[in-house]
Amino acid sequence: MLNDHSPQAHDIMLLWWWMLGAGAVVLLGALAMLLIGYITRKRPGLPFFGTRESVPQIMVLVFGIAIPAVVLVVLFAVADVYLVGKTSPPSPKSTAMTIHVIGRQWWWEVDYPGTGVVTANEIHIPTRTRINVVATTGDVIHSFWVPSLNRKIDMIPGRLNRVLLYASNPGAYRGQCSQFCGLEHARMALWVFAQPKAQFEAWLHGQERLAAKPSTNAERLGEAYFLSDQCASCHTIAGTPARGDVGPNLTHVGSRATLAALTIPNTPYWMSKWIANPQAIKPGVQMPDLGVPPAQIKDIVAYLESLK
Amino acid sequence: MATVITPAGQRHVERLEKIWAPRAGVLGWLMTTDHKRIGIMYFFTALAFFGAGGVEAEIIRTQLMTPNNHLIGPQAYDEVFTMHGITMIFLFVIPMTTGAFGNYLLPLMIGARDMAFPRMNALSYWVYLASGLFMYYSLANGHAPNAGWFDYVPLAERAFDPGNNIDFYGYGLIFNGISSTMASINFIVTIFKMRAPGMSLNRMPLFCYAFLATSLALLFALPSLTVACIFLELDRELGFHFYDPHFGGDPLLWQNLFWIFGHPEVYIIILPAFAIATAIIPTFSHRRMVAFPLVALAEILVAFLGFGVWVHHMLTVGFATIVYVYFTAASLIITIPSAIQIFSWIATIVSGKPQFKTPLLFICGFIVYFIIGGLSGITLAAIPFDQQVHDSYYVVAHFHFVIFGAAVFPILGGMYFWFPKVTGKMYRERWGQVSFWLTALGTMVTFMPMHIVGIIGMPRRNWTYPSGLGWAGYNLSETIGAYILLAGLLTIFANLAWSLWRGEPAGNDPWGGDTLEWSTTSPPPVYNYPVIPTVSSPYPMWDTADRERDNRRLERGEGLMELGHQTPSSTVQDAELEEVLEMPSSSIWPLLTAASLTAVFASLVLTHYWIAAGFVVVLGCTLIGWHWESLSRHGVMAYEQEAHA
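Protein sequence lines correspond, in order, to chains A and B. For the first sequence, our numbering begins at 71 and goes up steadily by one. For the second sequence, our numbering begins at 708 and goes up steadily by one.
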């Protein structure tokens, strides 16, 4: 968040620096007073003012009531009246597109309404576009937070919360669940990929397509294993009979940067390790150790990685 | 000036000694109703739980020392961080401040011979001990609560947490709340009714104001937590749907109920720290508190305002902005009573002749850390900033500066301050100062970097974190700090333990203190004061004429109240003597009542409801036994036997 990449995050940071400055003045002032107390510890009374009893009392009134009252009113006006609008949920009229993000133990489902695109653990957005993120949960409370773009919003059962997502520049911005959601709360992260509009459109069109047909022998075998094994009961691959809705949609899994919500990179090596023994990599994850024979894993990985 | 006992007074003292003589041996401790003994038991129990919570903290910090560390896995981590929170709040800070400091000191400060309800006082201790052991039993079994001390639903519901981990939380906190409720009722009545004649409200020490405020807040905040836990257990055990949106419930109901308790709780934790500060500062600054009435008012106001700000814990749940604006405005207002107190402490120190002995050093550390924690608290009342750093390590930094820096530092300073009174021995000053600087340094190195790592995006409650995000250096510093802190705390306890064994005799009043407890012997006799003290200002020990008068009254045998376990009761406002109370003597019933209550909760957590009902009947029987027993006066009977002989 110290590296802000949106006007919202920038304003919040600016507010922080001002508050830090004002706070430093208060703290240093108090430390200076205590230091004066130490230096004049042998003499009663205050330096310059002597032992007049009214002076320390006035000190309490000024520093304890008058100055805080003024500073707090200013802070309230700036932060809670003026700036609060910058981070409040966007009015749907002011946004160019809507993305649904659903928190699940312990990954993120990302839907692009109206396009049929469903992906996981990464959100692609066009730069310089106001996006309305509708956040909710499939199980317990999670919290959606991409610090360098904007504030967070909790994902609560029975509620549809909204938050603005806006990126000034192209880039990859890391986000992470910030409400404790159980065993693997620590490994529930996501990427926001902000791309120039044309690139984003190309990505979206790619995702709208059904899954690629297997082209090599290994991929064909892999698809067959995938559909006949337990895989299909939890995962969806559009264009195949796999229609499970427990785990992430794998239609274009080969195009993703990571697996298991940023736990491991999406490479054939890691994907095989994951299929062989997910509980060793992310203990507690919903995907069980399925005991797939290594030869089959090789083909399944070849198939899944071909789903760009 | 301290009490001088002449031969004429000695006769009366001997009589009082006989009347109040405690039962010998272990049974004497199990049956005690003496607020000082109960305070000491609270102290050591809370200290043991502080040790447990401290070990948990070191485990957390060691696990987070490096990225991708595997010292413990997520399952153990979740139990450890949950128990750390529960322990430090419910089993250490509150029992240590109200239970140990309050119990031991409050009756002494108001010139009473005991708390208003001595047997209920014993019962609150036994219930506290049992509830702590109840919750720790779950940890020993590997079934400790694991959804955080805030225990948000639906994560804490049966569907997502099928073991009985959370049941130990739900029942444990209801159980623990019974103890705190009794303690706060006891404090309120004691403060209002048991003050020595002459100690009108405006002459009551600030220490007592803070305890009054804390007790009132505790009494009114706890029902909300109890209700929340009852709903939770109904959901978990009997399939109710208080928190389930699919059946018309709402998970935010838990959050509202929890924080309606949870925010006043923050002030319940911090007010006794203010109390200790207002006792130590005038003593070592050798002057009266600056702006006394304003500080008294601020203490009460903080407790009251604390009830109107709970939604600032929920600024990211998606309520309408206007709700947040109201609650953050209310939160900002609390800054003012806090600032009044901070600057009256500073003004008192600066305008006095401060003697920077260990207790005052801890209070200076407290002032600085309270300012840091208070300022970061103000930043969290800026809605956009809070929504950014909410549930990040920034918040962890904030509340550790408040709870450790501001609430625990005065506890540590208070341990040094009253050590001579409680033990009759002096601690080692030089080692005391070393322990302060170590503890202060450790606090800074542990908690300061958490602000930064939170702002750059590290969320709380993570059992591990990846490398390459710039978090590792800060985390390593925090871990090093945690061990410096440990060294500081161990130095304190080593110093006190050594001094208990080898310390110089302290005398009645080693500091020139301002409140009544310094007028009696160290340690104080069971009956606290041979003569009920005369009070004409909030600084009774500095009114030498009053103390001399007490000595003359002892010689003449006036104001002794020596016809049994007697103590005066006075009017609420002006503290005019109303009647002389007969205090109950030691009794085994509080312990038996606590034991049967424990059996009730143990059966509940095992879902043996009929057995639980059986133990409720047993509980009723112990209460009957309790009230059947007359105020049989062990001491008085001994005295009367002697008179007949």
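C-beta: ideal position from N, C-alpha, C; glycine also.
Legend entry - Partner residues on chain B for A:C251, Cβ-Cβ distance less than 7 Å: Taking a Cβ-Cβ threshold of 7 Å, the residues of chain B close to A:C251 are L862, in chain order.
Legend entry - Residues, ordered as in the chain, of the segment 933-948 of chain B that lie near chain A by beta-carbon distance below 8 Å: Against chain A - using a Cβ distance shorter than 8 Å - the segment 933-948 of chain B contributes no residues.
Inset, instruction - Using the Cα positions of B:A1252 and B:Y835, report the straight-line distance between them to the nearest angstrom. - result: Separation of B:A1252 and B:Y835 (C-alpha to C-alpha, rounded to the nearest whole angstrom) is 42 Å.
Inset, instruction - Closer than 8 Å by C-beta to B:A1114: which residues in its own chain qualify, once you throw out the five before and the five after it? Chain order, please. - result: Same-chain partners within the cutoff: V800, T804, I976, I977, P979 and A980.
Inset, instruction - Just tell me which of B:W1052, B:P814 and B:A1046 has its CA closest to the CA of B:W1225. - result: Per the Cα distances, B:P814.
Legend entry - Buried versus exposed call for B:I1029 [16 or more other C-beta atoms within 10 Å across all chains shown]: It is exposed - the Cβ of B:I1029 has fewer than 16 other Cβ atoms within 10 Å.
Inset, instruction - Check whether the Cβ atoms of B:T1065 and B:E1136 lie closer than 9 Å to each other. - result: Against a cut-off of 9 Å, the Cβ pair of B:E1136 and B:T1065 comes out as a contact.
Legend entry - Check whether A:T207 and A:I172 have beta carbons under 9 Å apart: Yes, Cβ-Cβ distance for A:T207 and A:I172 is below 9 Å.
Inset, instruction - Using a Cβ cut-off of 9 Å (strictly closer), state whether A:L97 contacts chain B. - result: By this cut-off, A:L97 is an interface position.
Legend entry - Beta-carbon spacing of B:P910, B:P1275 below 9 Å: In the sequence on display, residue 910 of chain B carries Arg and not Pro. Result no, Cβ atoms of B:R910 and B:P1275 do not sit closer than 9 Å.
Legend entry - Local conformation of B:M708 per DSSP, three classes: Caution is warranted here: a pLDDT of 45 is assigned to B:M708, below 50, making its placement in the model unreliable, and no coordinate value can be reported.
Legend entry - Straight-line Cα distance separating A:K352 from A:L280: Cα to Cα, A:L280 sits roughly 29 Å from A:K352.
Inset, instruction - Specify, as a first and last residue, the run of the beta strand (DSSP E) that A:Y182 falls within. - result: DSSP places A:Y182 inside the beta strand (DSSP E), whose first and last residues are W177 to Y182.
Legend entry - Residue burial classification, B:Q1048 (beta-carbon count within 10 angstroms, cutoff 16): By the neighbour-count rule (16 or more Cβ atoms within 10 Å), B:Q1048 is buried.
Legend entry - First through last residue of the alpha helix (DSSP H) which encompasses B:Q782: P781 to I793 is the span of the alpha helix (DSSP H), which, as asked, contains B:Q782.
Legend entry - Contact list for the segment 150-177 of chain A against chain B, Cβ threshold 9 Å: Listed by position, the residues of the segment 150-177 of chain A near chain B (Cβ gap below 9 Å) are D150, V151, L153, V154, G155, K156, T157, S158, P159 and Q175.
Inset, instruction - Measure from the C-beta of A:P266 to each C-beta in chain B and report whether the shortest distance is under 9 Å. - result: No, A:P266 does not count as interfacial toward chain B.
Inset, instruction - Taking only beta-carbon positions, decide if B:I1074 is within less than 9 Å of chain A. - result: Output row for B:I1074: interface = yes.
Legend entry - Sequence-distant residues of the same chain with beta carbon closer than 6 Å to B:I898, five excluded per side: So the list reads C915 and L919, once near-sequence residues are dropped.
Inset, instruction - Residues of the segment 325-356 of chain A with a CB closer than 8 Å to any CB of chain B: list them in chain order, please. - result: Listed in sequence order: L332, P353 and G354.
Inset, instruction - Under 9 Å between beta-carbons, which chain A residues line up against B:Y974? List them in chain order, please. - result: Under the 9 Å cutoff, chain A gives no residues; its nearest Cβ is about 17 Å from B:Y974.
Inset, instruction - Report the partner residues of A:Y243 according to the DSSP bridge assignment. - result: DSSP output for A:Y243 lists A:V262 as bridge partner(s).
Inset, instruction - Scan the segment 1046-1075 of chain B for residues whose Cβ lies nearer than 9 Å to a Cβ of chain A and list them as they occur along the chain. - result: Answer in chain order: A1046, I1047, Q1048, I1049, F1050, S1051, I1053, A1054, T1055, I1056, V1057, S1058, G1059, K1060, P1061, Q1062, F1063, C1071, I1074 and V1075.
Inset, instruction - Take B:T1241 and list the residues in its own chain whose beta-carbon comes closer than 7 Å to its own, dropping the five residues that flank it on each side. - result: So the list reads G905, D1253, R1256 and D1257, once near-sequence residues are dropped.
Inset, instruction - Quick one: which residues of the segment 185-208 of chain A get their C-beta closer than 8 Å to a C-beta of chain B? List them in chain order. - result: Those residues of the segment 185-208 of chain A that come within reach of chain B (Cβ to Cβ, closer than 8 Å) do not exist; the list is empty.
Legend entry - Neighbour flag for A:V130 against chain B, beta carbons, 9 Å: A:V130 counts as touching chain B.
Legend entry - Classification of A:G120 by the beta-carbon crowding that lies within 10 angstroms, buried from 16 upward: Using a 10 angstroms sphere on the CB of A:G120, the tally of other CB atoms stays under 16, which defines it as exposed.
Inset, instruction - Helix, strand or coil for B:G1342, going by three-state DSSP, please let me know. - result: The pLDDT assigned to B:G1342 is 47, lower than 50, so where the model puts this residue is not dependable, and the model offers no usable value.
Legend entry - B:N775, buried or exposed, once every other Cβ within 10 Å from all chains shown has been counted against 16: Burial state of B:N775 is exposed, judged by a 10 Å Cβ sphere holding fewer than 16 other Cβ atoms.
Inset, instruction - Kindly give me the distance between the Cβ atoms of B:D1098 and A:S248, rounded to whole angstroms, as I take these residues to be in contact under 8 Å. - result: Taking C-beta atoms under 8 Å as the contact rule, B:D1098 and A:S248 qualify, at a distance of about 4 Å.
Legend entry - Chain-ordered chain A contacts of B:Q717 [CB-CB under 7 Å]: Those do not exist, as B:Q717 stays about 39 Å from chain A at its closest Cβ, beyond 7 Å.
Inset, instruction - Measuring alpha carbon to alpha carbon, tell me which of A:G245, A:V203 and A:L253 ends up nearest A:L332. - result: Nearest C-alpha to A:L332: A:G245.
Legend entry - Residues of its chain near B:E763, where Cβ-Cβ distance is below 8 Å and the 5 sequence neighbours each way are ignored: If we look at B:E763 and ignore the five residues flanking it on each side, its Cβ neighbours are V787, F788, M790, H791 and T794.
Inset, instruction - Check the Cβ-Cβ distances between B:G1342 and every residue of chain A, and say whether any is below 9 Å. - result: Residue confidence for B:G1342 is low, a pLDDT of 47 falling below 50, so the modelled location carries little weight and cannot support an answer.
Inset, instruction - Report the three-state DSSP secondary structure of A:R232 (helix, strand or coil). - result: Of the three classes helix, strand and coil, the one that applies to A:R232 here is strand, per DSSP.
Inset, instruction - With 7 Å as the C-beta to C-beta threshold (strictly closer), list the residues of the segment 1019-1037 of chain B near chain A in chain order. - result: Flagged, chain order: T1023, V1024, G1025, T1028, V1032, T1035 and A1036.
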